[in-house]
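Undergrad: Could you have a look at this structure, given as structure tokens, before my questions?
In the working numbering, the protein residues as written are 208 to 566.
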């Protein structure tokens, strides 16, 4: 695989988890924060979402050290109606806010059939799919969304306006892995551009643009992303990004993404005030669980049974990720050369034992 050729080494997932938590502890993160961050980063990397996985640790350590992120937050839940609440994350790691919010939403869904939690005063939460998946692992249907600072052009515009504003959806499947969708409303995530720039790899066409709004495949020259749908049909991605913005920003009374401080700095002292939105639905609030599971299995069987074009494979949402997780659980999480060097630097700076790297 072309992707695999970019990797410098592999590291055992559990060893990486311990390393991440040790580094966060040294920088002042409490145990719940450490566990949430490591859980999200390892989950993302195991499932092949390398742009939002373990590569983000250096940035999080910098934000934690600078004071942008509160390493020992006091999260406060305000349950306004039987199925709705707002969680003030106290400038916590977005991963801790995300897992806490999805758990509160699951608890409400068990009680009243549905639970929705808007999160205020948070930070970058990594891969949105981690939180939708956490709901599906409890037998619930989960959705997760988040706003971010502007990386993405509006359809036909020269300046970025929306963030990548991801949408994730997961549904439980009895006896099998959940159905899982995790997507940006941009053509690709901005972290993927940064990842490609770090390893000097060209981007696909029609997904990124320069400061003048012209498309480019040079990741180092990319200053903005095109919305999902590209130059021709980007109104679709831009419309979805607007939906995410309303749910993530307005319901949490947070700034819209256009007004957020940039994730990449240079200010690492001021909290950014990122907003998230989580929705959990209990299938038993709508139908018998046995009926729901039977229809899910029937649907996925029909979908995967469709005849593919030559040389392709028909896959349900999440199938690629589950294949990656199985492979990487056995072989280890791959690190490209930039990530490998970053982890070596962290070990040296913090006095940690270097990771055991293998081909």
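From the three backbone atoms N, C-alpha and C, an ideal C-beta is built for every residue, glycine too. Here the structure is a predicted model, which means the values were calculated and not measured.
1) Grab me the residues of residue 458's own chain with a C-beta within less than 8 angstroms of its C-beta, minus the 5 sequence neighbours each way, in chain order.
2) At the level of alpha carbons, what is the spacing between residue 285 and residue 404?
3) Going by the DSSP bridge assignment, what does residue 295 pair with across the sheet?
4) Does the distance from the CB of residue 462 to the CB of residue 480 come in under 8 angstroms?
5) Out of curiosity, what's the CA-to-CA distance linking residue 562 and residue 549?
6) Hey, quick one: how far does the alpha helix (DSSP H) through residue 244 stretch, first residue to last?
7) So, using beta-carbon positions, are residue 300 and residue 240 closer together than 8 angstroms?
8) By the DSSP assignment, the beta strand (DSSP E) with residue 483 in it spans what residues?
9) What is the DSSP secondary structure of residue 525, counted as helix, strand or coil?
10) If distances are taken between C-alpha atoms only, which option among 426, 272, 536 and 328 comes closest to residue 406?
11) For residue 359, write down the residues that DSSP places opposite it in a beta bridge.
12) Can you give me the Cβ contacts of residue 399 inside the same chain, cut-off strictly under 7 angstroms, excluding the 5 residues immediately before and after it?
13) In whole angstroms, what is the alpha-carbon distance linking residue 378 and residue 339?
14) Thinking C-alpha only, which one of 449, 536 and 408 is nearest residue 428?
TA: In this structure, then:
1) By 1-based counting over the chain shown, the position of residue 458 is 251. These residues qualify, in order along the chain: 293, 325, 482 and 484.
2) Numbered from 1 along the chain shown, position 78 holds the residue referred to as residue 285. Numbered from 1 along the chain shown, position 197 holds the residue referred to as residue 404. Rounded to the nearest angstrom, the two C-alpha atoms are 42 angstroms apart.
3) Mapped onto the chain shown, residue 295 falls at position 88. Partner(s): 283 and 327.
4) To locate residue 462, count along the chain shown from 1; it is residue 255. To locate residue 480, count along the chain shown from 1; it is residue 273. A contact, by the Cβ cut-off of 8 angstroms.
5) Counting from 1 along the chain shown, the entry for residue 562 is found at position 355. Counting from 1 along the chain shown, the entry for residue 549 is found at position 342. If you take the alpha carbons of residue 562 and residue 549, they lie about 11 angstroms apart.
6) Numbered from 1 along the chain shown, position 37 holds the residue referred to as residue 244. Residues 238 to 253.
7) To locate residue 300, count along the chain shown from 1; it is residue 93. To locate residue 240, count along the chain shown from 1; it is residue 33. Yes, Cβ-Cβ distance for residue 300 and residue 240 is below 8 angstroms.
8) By one-based count along the chain shown, residue 483 stands at place 276. Start and end: 481 to 488.
9) Along the chain shown, read from residue 1 onward, the residue named residue 525 stands at position 318. Coil, per DSSP.
10) The residue you call residue 406 lines up with position 199 of the chain shown. If we check each option's Cα against that of residue 406, 426 comes out closest.
11) As a first step, residue 359 is located in the chain shown; it is residue number 152 there, counting from the start. According to DSSP, which records beta bridges pairwise, residue 359 is partnered with 369 and 432.
12) The residue given as residue 399 occupies position 192 in the chain shown. Around residue 399: 258.
13) Sequence index remark: in the chain shown, residue 378 carries index 171 (1-based). Sequence index remark: in the chain shown, residue 339 carries index 132 (1-based). About 8 angstroms.
14) Against the chain shown, residue 428 aligns to sequence position 221. Of 449, 536 and 408, the residue nearest in Cα terms is 408.
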